[in-house]
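Beneath this line is the structure, given in structure tokens, with notes to follow.
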Amino acid sequence: MAASPPTLSFPRPTFAKLSPHPYLLAGLAAPDSASRSNGRAPHEARPIHIHTSSLSHAHGSALVRSGDTTVVCGVRGEILPVTSIPQYRPTTSYNTAEEERSAGLGRGELRDYDLLVPNIELATGCAPQFLPGVPPTTLAQTLSTRVYSLLHSCKIVDPAAVRIWYHPSKVLSAGDEDEKVDDDDDNDGDNGDEEERRTKPQLMAYWVLYIDLLFVSLDGNPFDAAWAAVLAALRDTKLPEARWDPDLETVVCESKKAPMALQITGVPVACTAAVFLEKEHAELGGKQKKNRHWILLDPDRLEAELCQEVVTVVVDCEDGSGETRIKSIEKQGGTVIGRELMRGFVGVAEQRWKEVRKML
Amino acid sequence: MTVTAAPQAALSVLPRADGSAKYSHAGYTVTASVNGPIEAQRRDEHAYEAHVDVIVRPAAGVGGTRERHLESILQSSLTQIILVKNFPRSLIQIVLQIEATPENDYVNTKLVQASLNFSIMPALFQTAILALLSAAVPMRATATASVVAVVPETKSKKLVVDPSPRELEAAQSVHVLAFTSQGELLLAESEGDFTVEEWDEVYETAEDVCCKSETSKSDVDMMLDDDDDDAGPADMHQFIRSTLEDKVAADLHWK
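Chains as they are written, first to last, in my numbering: chain E, 56 to 415; chain W, 850 to 1104.
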């Protein structure tokens, strides 16, 4: 060290490339104010920009930008007739949501019939490590599993919103009297059961929501951006009014009426942070001198590469009671974040929720 | 389906692998093999540390996105406790074969499921740790995992350790927590709908399941004497320890 001339210095990008860990540490360990290589404070996230309805052929879409991470999400509804569902078990209509909840235990239609189909694609060149012509990377597969699980565990899509019913009684009463008489003539010998079957509303089809995500560019923190895009796109989704046509024996969509907005419950927002350790090659465990650490909110690609431990918390403060509901916690790759830090991090996630909520 | 209460484990069940273990608990049976340190492929080679490769094979069919996610969780956790810096440019391969999973008689089980499967994670985790110990891979600590579900009851909630598929379905939230043998939180995965207070309760329950004897050191010796014959071991960490002690005692029997 002593031999090297004191005038030797690198421009910042060279220093970052040659030894990224000391480069990041130099900024964070500064005694007056800790700042990251990207100029942010440790607990400062990148501002999020959301633009909805930008795709014309999707039923709902959103473009989310958070720094240099850009993701496009498109939601497209397709009609799935119940006759094409293997192992389909008929549902009766419920009058109230409460009644449905008590009866619907173990009847996760969304999950059983795969009515939500998220898919994530990391475009070639969105980050240097993504090369053309390779199968989906582990990151893409992991992300789509996480998005799929969160979609189901948050219950943000109400199963009632994707059901397409046929109400024979309504059709009959709406039609003129002659038609009704005609109908009765056809089924002269029908008993009460048959009558009930004909007048009871029948579930004929489901909307399947294909949720496609494309990362245009990726600069760290893909999950937060992906989830924000899914949420914004679903909130933007408008499905045309569909009804069963008994004459055509198919589901038809009303082209005259304006499409109906999909009902979305709750506003869960994801917040990710990475833990940066002072010593890169330090041993784990409490025996040695304490290894200092920084929790970096919304890590970019350089930071994500240098951090092992990552924590993601999904919170929803939309509930009127003022109590924060946690929807998901994912913490892996280290032992720094224990019970106390996790509690503190939920507070950070609440702040992030307010920021994102404003943009939606 | 009958589920054995106490976990069962056997070490070095596969003759060709460097280390292996078979573990069954709460209806899950998993066999693991560990090979390492072995030569790494060029793309996996790391100049300063060993690459830990985890492969999860489901009981039926081929692995999908869910297995990739389980693999990535296990990989990042195990990399933390294996002394990877001791084996630069090499590979430690862990293969986990799921043999049996508890069935839910109330629903049609689909072969390919994309959603997370939290209840299998403790079985995978414990099997991997046992197999790594059997392969004598140097580790800075062992770790154990447990799954806790918060099941709503009339007007109250109850915490269920190792929930059945039926309970999982009714659960408001499901949590997997893993602790190192030093009592540090290594892994935390939760989904559902819960508050910070509920998570705290879950944390305490899971800590009890994983490493109760670590927090109350005083009665460890007493437990060691007692647990050999009657009941199950006090906690998961104790279970792993006694399994290894039995194996060592059996192997050194000729002396």
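Every residue, glycine too, gets a C-beta built ideally from N, C-alpha and C.
- Contact of residue 387/E with chain W by beta-carbon distance below 7 Å involves 922, 925, 926 and 1036.
- Contacts between residue 918/W and chain E, judged by CB atoms closer than 8 Å, involve 196, 197, 200 and 201 in chain order.
- Straight through space, the alpha carbons of residue 220/E and residue 171/E are spaced by roughly 19 Å.
- Listed along chain W are 1034 and 1037, each with a C-beta nearer than 9 Å to that of residue 392/E.
- In this structure, 260/E is the residue among 361/E, 271/E and 260/E with its C-alpha nearest to the C-alpha of residue 138/E.
- The beta carbon of residue 143/E is closer than 7 Å to those of 137 in its chain, skipping five residues each way along the sequence.
- Unbroken alpha helix (DSSP H) runs of no fewer than 4 residues, entirely contained in the stretch 898-970 of chain W, are found at 914-930, following chain order.
- When the beta-carbon positions are compared, residue 287/E and residue 126/E stay at least 8 Å from each other.
- Look at residue 211/E here: in three-state DSSP terms it is coil, with no helix or strand label.
- Counting only the Cα atoms, residue 118/E lies some 34 Å from residue 1020/W.
- At a Cβ-Cβ threshold of 8 Å, residue 115/E and residue 357/E do not count as neighbours.
- Burial state of residue 184/E is exposed, judged by a 10 Å Cβ sphere holding fewer than 16 other Cβ atoms.
- In this structure, residue 193/E places its C-beta atom within 8 Å of the C-beta atom of residue 917/W.
- The DSSP-derived three-state label of residue 1059/W is helix.
- In the three-state DSSP reduction, residue 1089/W falls in the helix class (H, G or I).
- Classified as buried, residue 371/E has 16 or more neighbouring CB atoms from the shown chains inside 10 Å of its CB.
- With a 10 Å radius around the Cβ and a threshold of 16 neighbouring Cβ atoms, residue 188/E comes out exposed.
- Within the same chain, Cβ atoms closer than 6 Å to the Cβ of residue 173/E are found at 199, 202, 203 and 266, the five residues on either side in sequence being excluded.
- Residue pairing by DSSP places residue 371/E opposite 380/E in a beta bridge.
- For residue 331/E, the enclosing beta strand (DSSP E) begins and ends at 324-332.
- Take residue 300/E, set aside five residues on each side of it, and the residues of its chain with a beta-carbon closer than 8 Å to its own are 306 and 307, in chain order.
- For residue 1041/W, the chain E residues whose C-beta falls within less than 7 Å of its own C-beta are 208, listed in chain order.
- Taking 3 residues as the shortest admissible run, the stretch 56-116 of chain E contains the following complete beta strand (DSSP E) segments, listed from N- to C-terminal end: 103-107.
- Assigned with DSSP and collapsed to three states, residue 869/W falls in strand.
- The C-beta separation of residue 994/W from residue 944/W comes to about 18 Å, leaving the pair out of contact by the 8 Å criterion.
- Going by beta carbons, residue 967/W and residue 1038/W fall inside the 8 Å limit.
- Here residue 900/W is buried: its Cβ has 16 or more other Cβ atoms, across all protein chains shown, within 10 Å.
- Interface criterion not met: the Cβ of residue 184/E is under 8 Å from no Cβ in chain W.
- Residue 1035/W and residue 390/E have their C-alpha atoms roughly 5 Å apart.
- As DSSP reads the structure, residue 878/W sits in a beta bridge with 873/W and 949/W.
- Secondary structure at residue 266/E: strand, using DSSP grouped into helix, strand and coil.
- DSSP places residue 122/E outside any beta strand (DSSP E), giving it a letter other than H or E.
- What residue 381/E touches in chain W, judged by beta-carbon distance under 9 Å, is 1022, 1039, 1041, 1042, 1043, 1044, 1045, 1047 and 1048, going in chain order.
- Distances from the CA of residue 175/E to each of 191/E, 163/E and 169/E were compared; the closest alpha carbon is that of 191/E.
- Flagged as an interface residue toward chain E: residue 1052/W, by a C-beta distance shorter than 8 Å.
- With fewer than 16 neighbouring CB atoms inside 10 Å of its own CB, residue 145/E falls in the exposed class.
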